[in-house]
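Participant: One structure coming up, written as structure tokens, with questions to follow.
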Amino acid sequence: MARENLEDAAATLRDAADAASDDETRERLENQADEFATLAEADRGPDHGKLARHEHILSDIADEEGGEVADQVDDALESVRAFRETVEGV
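So, in structure tokens, the structure goes:
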């Protein structure tokens with residue numbers, strides 16, 4: 001179930017990329033979506049530090065872009081945070 005959260009984040013970020021207003025933002029979101037898709041399939045999941053870095057990048061994108069893209073990024077962040085609750089440690 002937890003890995004599904006990362007898959008959900010990837011799918012939501014792809015939707016956000018489609019709605020992005022410029023190529024740079026679109027590329028950043030596509031890169032993040034690819035990262036989460038890879039993490040969802042990896043033998044070993046990401047640690048808190050890696051997830052925190054992704055959350056920071058996504059928060060920056062949402063702040064810069066606003067509107068529909070920010071809403072979709074926020075949805076993806078909810079999925080990431082739900083996964084992060086399953087990660088041992090901190």
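Residue numbering for the sequence shown follows UniProt numbering, starting at 1 and increasing by one per position.
The beta carbon of each residue, even a glycine, is placed where N, CA and C say it ideally should be.
Model, not experiment: these values are computed from the prediction.
Assuming T25 contacts E65 under a Cβ cut-off of 8 Å, what Cβ separation, rounded to an integer in Å, is found between them?
Facilitator: Sure, about 6 Å apart at Cβ, within 8 Å.
Participant: Considering only C-alpha positions, which residue in the set D8, P46, L77 and A40 is nearest to E55?
Facilitator: For the residues D8, P46, L77 and A40, the minimum Cα distance to E55 belongs to L77.
Participant: Note down, in chain order, each residue of its chain lying with its Cβ closer than 7 Å to the Cβ of P46, except the 5 sequence neighbours on either side.
Facilitator: Around P46: L39.
Participant: What does the alpha-carbon distance come out to for the pair R85 and R14?
Facilitator: Looking at the sequence shown, residue 85 is not Arg but Glu. Their Cα atoms are separated by approximately 23 Å.
Participant: On the CB-based measure, 16 or more other CB atoms within 10 Å of its CB, does D8 come out buried or exposed?
Facilitator: It counts as buried.
Participant: At which residues does the alpha helix (DSSP H) containing A20 begin and terminate?
Facilitator: Careful: A20 lies outside any alpha helix (DSSP H) and carries neither H nor E.
Participant: With C-beta atoms as the reference, is A10 less than 9 Å away from D43?
Facilitator: No. Outside cutoff.
Participant: Alpha carbon to alpha carbon, how far is D74 from E41?
Facilitator: Cα to Cα, D74 sits roughly 22 Å from E41.
Participant: DSSP three-state call for E88: helix, strand or coil?
Facilitator: E88 falls in the coil class under three-state DSSP.
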